[in-house]
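Step one of this worksheet: look at the structure below.
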Amino acid sequence: LLSLLAVAAGGKLLVVPVDGSHWLSMREVLGSLRNRGHEVVVVAPEVSLYIKPSKDFVMKMYPVPFTQEEMDEDFQGFTKDLFEGGSFLTRVLRLYRRSKKTSALFLASCTHLLHNKELLKYLEDSKFDAILTDPILPCGQILAEHLELPSVYFLQQIPCALEYEATQAAQCPSPASYVPRTFSSASDHMAFPERVKNLLIGLSEHLLCYLFYTEYRALASEFLQRDVTMLELFSKASVMLMRYDFVFEYPRPVMPNMVYVGGINCVQRKPLSEEFEAMVNASGEHGIVVFSLGSMVSEIPMKKAMEIAEALGTVPQTVLWRYTGQVPPNLPKNVKLVKWLPQNDLLAHPKTRAFITHGGSHGVYEGICNAVPMVLMPLFGDQMDNAKRVESRGAGLTLNILEMTSQDISTALKAVINDKK
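According to mature numbering (1 follows the signal peptide of the UniProt record, and there is no 0), the stretch in the sequence shown is residues -20 to -1, 1 to 401, in order.
Next up, the structure:
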């Protein structure tokens, strides 16, 4: 009987994830939960980018009205749009149209989950203890309301900072005077004009979120058979596991149910494969540079790839570049192209001298955890804000990926490698 105590103490957890890079951090947590004796069931669409079956959880899949080819094409188009030039307004409109198309895929996926009667019957009969979900999309919380289950959020942020506005009955203060809004690229030390800009961004968020969540609000009201608001839905979280840490985040008020778990993806270093160990050892005294623009971007326009390749050839380090596009004709001998790399394991290696990254939270925390200086090339979303935070901590330098030259890249890379702080 004593040998069964660990199993008896385990809970039964329903997981409703969000596809893409958000899933990569959550996936590691699920493995730890399983190792502690919990039963984990993941509900996911049949078509996805990264959500695949695993020994760490039971997977329940449901059909969706789009194909894998359509999803892959949409995300490849999204990546391509990021590198397109044009005026600021042109780029904003292009990104808006692409985001609207991508959002339609996620909305269709959520709709088909909530209308899948067979799957809902299984979920109702399974008697789960709680739901773990990423609330950037509210499908998991809608399901939690239907099943009358407590919800645990695993998040970086909700659009428009709704996680703070919706937290507990008192609502969490978020002063515009020193708490930077998303997309403001401000630090917590703002001059008066920056504070005014920060305030205006905060005021505009209400309209943006109203538009962003309009169709989800209608779907939730129809499915739950009562009028609901997004603020009401998001306020039901029992615990928010927030992928922040104050070593990186600016000071701000938080509530008792907000638990900061930033860096949770910084798992202990695993031994490198023979292939990567050989590359690292061959770098000699100069060591290596790890270069990855994240899980969503591994191919860039040839002109930009050639500019980057030229810059990488100016440093003595061996550069391991995650890249699947056409090989730049000027690729220097010190650059090794790989389709995939064990990012955290390489960053933890004592021979790693620098990390070139797009500034996603996953990679940034791995860089911080392993004390590797960074050159940041933010592309979209919160990456610009992450880059500002890294710079404010003296942990890296930021480049504009659309405007940077080979000289800019070379100068920044040499600075983070050689200028010890």
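No residue lacks a Cβ here, since even glycine has one placed at the ideal position from N, Cα and C.
The beta strand (DSSP E) spanning Ala24 covers which residue range?
-> Glu19 to Pro25
Expressed to the nearest angstrom, what Euclidean distance is found between the alpha-carbon atoms of Pro330 and Ala285?
-> 28 angstroms
Using DSSP bridges, identify the partner residues of Met238.
-> Met220
Could you say if the region 237 to 244 and the region 16 to 26 meet the contact criterion of at least three C-beta pairs nearer than 8 angstroms?
-> no
Compare the beta carbon distance of Leu10 and Asp36 with 8 angstroms and say whether it is the shorter of the two.
-> yes
Check whether the region 8 to 22 touches the region 74 to 90, taking contact to mean three or more Cβ pairs, one atom from each stretch, closer than 8 angstroms.
-> no
Whose C-beta lies closer than 8 angstroms to the C-beta of Glu63 among residues of the same chain, with five residues either side of it excluded?
-> Here residue 63 is Phe; the residue named in the question, Glu, does not match the sequence. Ile280, Pro281, Lys284, Ile381 and Leu382.
According to the Cβ coordinates, are Cys90 and Leu211 closer than 8 angstroms?
-> no
Taking all protein chains shown into account, do 16 or more other C-beta atoms lie within 10 angstroms of the C-beta of Tyr102, making it buried, or fewer, making it exposed?
-> exposed
Taking the alpha-carbon positions, what's the Pro233 to Cys152 distance?
-> 7 angstroms
Ignore the nearest five residues each way along the sequence and tell me which others in Ala395's own chain have a CB closer than 8 angstroms to its CB.
-> Leu377
Looking at C-alpha atoms only, which residue of Leu13, Lys(-9) and Leu393 is the closest neighbour of Gly293?
-> Leu393
Mark Thr47 as exposed unless 16 or more other C-beta atoms lie within 10 angstroms of its C-beta, in which case mark it buried.
-> exposed
May I have the straight-line CA-CA distance separating Pro251 from Asp225, to the nearest angstrom?
-> 27 angstroms
Below 8 angstroms CB to CB, which residues in the same chain sit around Arg197 once its five sequence neighbours on both sides are set aside?
-> Val208, Thr209 and Met210
Would you kindly work out how many angstroms separate the C-alpha atoms of Gly340 and Ile31, rounded to a whole number?
-> 19 angstroms
Per DSSP, what kind of secondary structure is Thr209 in: helix, strand or coil?
-> coil
Can at least three beta-carbon pairs, one atom from the region 365 to 379 and one from the region 296 to 310, be found at a separation below 8 angstroms?
-> no
To the nearest angstrom, how far is it from the Cα of Ala291 to the Cα of Leu311?
-> Distance from the CA of Ala291 to the CA of Leu311, rounded to the nearest whole angstrom, comes to 10 angstroms.
Cβ neighbours of Asp105 in the same chain (closer than 7 angstroms, five flanking residues each side left out) | none
When burial is assigned at 16 or more other CB atoms within 10 Å of the CB, is Thr337 buried or exposed?
-> Classification for Thr337: buried.
In this structure, does DSSP put Met384 in helix, strand or coil?
-> In this structure, Met384 counts as coil in the three-state DSSP scheme.
Go ahead and pull the three-state DSSP assignment for Pro333.
-> Here residue 333 is Arg; the residue named in the question, Pro, does not match the sequence. In the structure shown, Arg333 sits in a strand (DSSP, three-state: E or B).
What number of angstroms, rounded off, separates the C-alpha of Ala110 from the C-alpha of Asn398?
-> Answer to the nearest angstrom: the Cα atoms are 49 angstroms apart.
Touch check for the region 169 to 176 and the region 255 to 272: three-plus C-beta pairs under 8 angstroms?
-> no
Taking all protein chains shown into account, do 16 or more other C-beta atoms lie within 10 angstroms of the C-beta of Asp52, making it buried, or fewer, making it exposed?
-> Label assigned to Asp52: exposed.
What is the rounded straight-line gap between the Cα of Leu123 and the Cα of Arg14?
-> 22 angstroms
Could you please give the first and the last residue of the uninterrupted beta strand (DSSP E) stretch that includes Thr378?
-> Gly376 to Thr378
Assuming Leu273 and Met357 form a contact by the criterion Cβ under 8 angstroms, report the distance between their Cβ atoms to the nearest whole angstrom.
-> Contact between Leu273 and Met357 holds, since their C-beta atoms are separated by about 7 angstroms, short of 8 angstroms.
In angstroms, rounded to a whole number, what distance separates the CA positions of Thr162 and Asp362?
-> Looking at the two C-alpha atoms, the distance is approximately 7 angstroms.
How about Ala146 and Phe214: do their beta carbons lie closer than 8 angstroms?
-> yes
Measuring alpha carbon to alpha carbon, tell me which of Val239, Tyr230 and Val352 ends up nearest Gly267.
-> Val352
List in chain order: all unbroken beta strand (DSSP E) runs of 3+ residues lying wholly within the region 101 to 189.
-> 110 to 113 and 131 to 135
Burial state of Leu(-8) (16 or more Cβ within 10 Å) | Label assigned to Leu(-8): buried.
Which one of Lys60, Thr113 and Ser263 has the shortest CA to CA distance from Arg333?
-> Ser263
Since Met354 sits in a beta bridge, which residues does DSSP pair it with?
-> Phe335 and Gly376
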